[in-house]
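Colleague:
In the numbering used here, the protein residues as written are 27 to 784.
1) Are the Cβ atoms of residue 715 and residue 780 separated by less than 8 Å?
2) Contact between the region 642-657 and the region 332-346: three or more CB pairs below 8 Å?
3) Using only alpha-carbon positions, find the residue among 577, 568, 296 that is nearest to residue 584.
4) Compare the C-alpha of residue 235 against each of 217, 148, 259, 206 and name the closest.
5) Work out the CA separation of residue 390 and residue 115 for me, nearest whole Å.
6) Give me the Cα-Cα distance between residue 197 and residue 166, rounded to the nearest whole angstrom.
7) I need the straight-line Cα distance from residue 267 to residue 164, nearest angstrom please.
8) DSSP state of residue 178, grouped into three classes?
9) So the candidates are 470, 463, 456, 506; which of them puts its Cα closest to the Cα of residue 486?
10) Can you check whether the CB of residue 286 is closer than 8 Å to the CB of residue 271?
11) Give me the residue from 255, 751, 724 with the minimum Cα distance to residue 740.
12) Exposed or buried, which one is residue 671 when buried takes at least 16 other CB atoms within 10 Å?
13) For residue 224, which of helix, strand or coil comes out of DSSP?
14) Any idea what DSSP makes of residue 49, helix, strand or coil?
15) Quick one: Cα of residue 76 to Cα of residue 102, how far?
16) Once DSSP output is grouped into helix, strand and coil, what is the label at residue 442?
17) Can you pull the DSSP bridge partners for residue 667?
18) Measuring alpha carbon to alpha carbon, tell me which residue in 762, 96, 685, 437 is nearest residue 50.
19) May I ask you to report which of helix, strand or coil DSSP gives residue 542?
20) Looking at C-beta atoms only, is the number of pairs between the region 82-92 and the region 354-372 that lie closer than 8 Å three or more?
21) In terms of residue numbering, what span does the beta strand (DSSP E) encompassing residue 565 cover?
22) Expressed to the nearest angstrom, what Euclidean distance is found between the alpha-carbon atoms of residue 32 and residue 125?
23) What does residue 781 pair with, by DSSP beta-bridge criteria?
24) Tell me the residue span of the alpha helix (DSSP H) that contains residue 507.
25) What first and last residue would you give for the alpha helix (DSSP H) that runs through residue 63?
26) Are three or more beta carbon pairs between the region 661-679 and the region 84-94 nearer than 8 Å?
27) Near residue 538, what residues of its chain come up, given a Cβ to Cβ distance below 6 Å and the 5 sequence neighbours on each side ignored?
28) According to the neighbour-count rule (16 or more other Cβ atoms, all chains shown, within 10 Å of its Cβ), is residue 777 buried or exposed?
29) Can you check which of these residues, 633, 612, 661, 665, is closest to residue 640 by C-alpha distance?
30) Whose CA, out of 72, 97, 232, lies closest to the CA of residue 108?
31) My output table needs one value for residue 340: the three-state DSSP class, helix, strand or coil.
32) According to DSSP, simplified to helix, strand and coil, what is residue 98?
33) Check each candidate in 745, 783, 431 and name the one with the smallest Cα separation from residue 761.
34) Among 561, 111, 243, which residue has its Cα nearest to the Cα of residue 282?
35) Identify every run of the alpha helix (DSSP H) within the region 609-666, keeping only runs that are complete inside it and at least 4 residues long; order them along the chain.
Pasting the structure below:
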């Protein structure tokens, strides 16, 4: 499917063609938390946290739509599918609305960007279709959108004095539109051309004023108030029934039946208050219910963490579980990739090393594009799983750090041993009631090195082949482990077998245990030129330089070999020229991770500014991906992982995981079919310009029309991306730009042109 991305506002419409991310990016989203559900004649359609999918029960085929295809929202609050228009309407917590047709993704920022509406009342609570319009129930009122014209029409502020009011749900019966609000149930003539006037909305007399649901069923309106009691409208007022539910999550009519969904039950009525079936949540279902619909004689029930459950409407028996391929959830704490496999864990701890509240979740493993999700019940009671290390000599064996319970060994995807104080011959011991193992890595001899906190031997080693445990004291730096350090971070091993450990309170700690003696030494913000003592990320590059990411910036330790013999080793900042002005690279940025690719380039991720790819020396910015110019679901990157076998780099965020293929195409044999997309580059397009059909290793130069060089690089594979900047510093101006590509043997050259319009 080719998607176009449209941005529409109340004042003007601007057409923007979105980059086709699916050629170089992949989404790895979880589809188990169902936030909305619908159906057409052949398919079940549903929304998860920030993506949607379609499932065909007959063919069992699934297709999805995510940020890879143009979606940009973070948290879906309501999902609606129009069979008439074959169109999905997605509402988000922040007021963003997106329309997904078979050909287009249309992003509507009207509500999101409306300055007169406070940010905390823009949530889309419900979507109702009538006569070609969808009525968006929001926390400020009602907005209408035309599916015929693909544009907003009006907004209704129907509070008692014309102010903003939270509208939970709408329905139409006869000539009136009804709205359930926090100031009562209101109605107005839907055909009235002055319906925008709040004075034309009457409040129906009721015994209560706070309403959360209403729908039309069997030509009668049924409403549910904030106490979860259901009422019936008699034409003049709403009369209470004898039924009160637990917290109602959804009320709708589907297949001529009314469905009421709570976390533990789904109630189906064929006539008013004639309950023909109740689906009770069972322990085996493993999750709370969220939303339900009926199609083809089945009841499809969305759950909070277990996908969709299908039940036979005849007897309520479970028919099947629908779980689209994906990890357990979007909020990954740590990811690890190698040899076309990816591992994900979901534990956590605070920056200060507090593991509470404990996270009791298992792990996810992708192999051959198939996700296997291992639940907490199978991980031998290991809690707060925060790191995975793959044995480089045995791909089927991994070790998972638990920041509470010890070290978990997994073989062939099956947890086999939880190592703790009872089975490690004093290799692990309790600190209070916990064993907080941190980041880990294997050395070239197949030994696993990992950190523990609040213990004398802060650095541990497990000789996997010989089942030998040992430890190294860090007391030369951390004199009192119980109070002087509560969170050790990344661990890296360089070519001289030196172990480098990041910390929260003590900067970077170097450990040399060669030649039978151990030396422990550190540099921090006071003695080593670090911008912060809080070290969040470490990476050894191909020149054995140590790249250091801190809470307030980036440093490089170049003389790692002389670290222990130098009296006062200093980390160095990288100074770049930005529009002729010297500046420190990544100044003040909270860096979350650093990874080194096969070309010695550096991927650097941040807390709130997306992710960068720098050249090997840091002087050039090759990529800067953000939520605005890429499929990243968030600018906050929690972790990264490079799979050198597939040339993919994975980015984990709180809103999901995506991967970028750094070598997406095979190279051409000549330069006869070079293609540039988009071209021309229109106003408001901020993505990369893709140059395809190139020969691997070719030199590419981009100049302005006067011949001034703005970009130069070597092509890897058959595609090159230009970020529209002059050597990564500032966006180039409008004009014609010349692209000259020359094969590395110099035998062939082609010249192309790009038109950029700002």
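Beta carbons are placed, not taken as given, at the ideal position from N, Cα and C, and that holds for glycine.
Modeller: To lay it out plainly:
1) Along the chain shown, read from residue 1 onward, the residue named residue 715 stands at position 689. Along the chain shown, read from residue 1 onward, the residue named residue 780 stands at position 754. Contact: yes.
2) no
3) The residue given as residue 584 occupies position 558 in the chain shown. Comparing Cα-Cα distances from residue 584 to each of 577, 568, 296, the minimum goes to 568.
4) Within the chain shown, numbered from 1, the residue matching residue 235 stands at position 209. Checking every option, the nearest Cα to that of residue 235 belongs to 206.
5) As a position in the chain shown, residue 115 is number 89, starting the count at 1. As a position in the chain shown, residue 390 is number 364, starting the count at 1. Straight-line Cα distance between these residues: approximately 31 Å.
6) Your numbering for residue 197 matches position 171 in the chain shown. Your numbering for residue 166 matches position 140 in the chain shown. Taking the straight line from one Cα to the other gives about 17 Å.
7) Residue numbering aside, residue 267 sits at position 241 when the chain shown is read from its first letter. Residue numbering aside, residue 164 sits at position 138 when the chain shown is read from its first letter. So the alpha carbons of these two residues sit roughly 27 Å apart.
8) Position 152 of the chain shown holds residue 178. Correct three-state label for residue 178: strand.
9) Position 460 of the chain shown, counted from the start, is the residue given in the question as residue 486. Considering only alpha carbons, the answer is 463.
10) The residue you call residue 271 lines up with position 245 of the chain shown. The residue you call residue 286 lines up with position 260 of the chain shown. Closer than 8 Å, so yes.
11) Taking the first residue of the chain shown as position 1, residue 740 is located at position 714. Answer by Cα proximity: 724.
12) As a working mapping, residue 671 is identified with position 645 in the chain shown. It is exposed - the Cβ of residue 671 has fewer than 16 other Cβ atoms within 10 Å.
13) Start at 1 with the first residue of the chain shown, and residue 224 comes out as number 198. Looking at residue 224 - three-state DSSP - the assignment turns out to be helix.
14) For the purposes of this step, residue 49 is taken as the residue at position 23 of the chain shown. It is helical.
15) Locating residue 76 in the chain shown gives position 50, where the first residue counts as 1. Locating residue 102 in the chain shown gives position 76, where the first residue counts as 1. Each residue's Cα considered, the two are about 6 Å apart.
16) Here residue 442 corresponds to residue number 416 of the chain shown, with the count starting at 1. It is a strand residue.
17) Within the chain shown, the letter at position 641 stands for residue 667. Its beta-bridge partners are 676.
18) To locate residue 50, count along the chain shown from 1; it is residue 24. Nearest of 762, 96, 685, 437 to residue 50, Cα basis: 685.
19) Numbered from 1 along the chain shown, position 516 holds the residue referred to as residue 542. Helix.
20) no
21) Position 539 of the chain shown, counted from the first residue, corresponds to residue 565. Run containing residue 565: 561-566, per the beta strand (DSSP E) assignment.
22) For the purposes of this step, residue 32 is taken as the residue at position 6 of the chain shown. For the purposes of this step, residue 125 is taken as the residue at position 99 of the chain shown. Because the pLDDT at residue 32 is just 38, under 50, the model does not fix this residue reliably, and the value given afterwards should be weighed accordingly. Roughly 9 Å between the two C-alpha positions.
23) In the chain shown, the residue the question calls residue 781 occupies position 755. Residue 781 pairs with 762.
24) As a first step, residue 507 is located in the chain shown; it is residue number 481 there, counting from the start. Per DSSP, residue 507 belongs to the alpha helix (DSSP H) from 507-510.
25) On the chain shown, residue 63 is found 37 positions in, with the first residue counted as 1. Looking at the DSSP string, residue 63 is not in any alpha helix (DSSP H); the run it does join, the beta strand (DSSP E), is 62-65.
26) no
27) Position 512 of the chain shown holds residue 538. Excluding sequence neighbours, residue 538 sits near 524, 545, 590.
28) In the chain shown, counting from the first residue as 1, residue 777 sits at position 751. Counting Cβ neighbours within 10 Å, residue 777 comes out exposed, since fewer than 16 surround it.
29) Here the question's residue 640 lines up with position 614 in the chain shown. Among 633, 612, 661, 665, the Cα nearest to that of residue 640 is on 612.
30) In the chain shown, the residue the question calls residue 108 occupies position 82. Minimum Cα distance to residue 108 is reached at 72.
31) The sequence position of residue 340 within the chain shown is 314, counting from 1. Residue state, collapsed to three classes: coil.
32) What you label residue 98 is simply residue 72 of the chain shown in a count that begins at 1. Residue 98: coil per DSSP, three-state reduction.
33) Here residue 761 refers to the residue found at position 735 when the chain shown is read from its first residue. With distances taken between Cα atoms, residue 761 lies closest to 783.
34) Taking the chain shown and counting its residues from 1, one reaches residue 282 at position 256. Taking only the C-alpha atoms, the option nearest residue 282 is 243.
35) none
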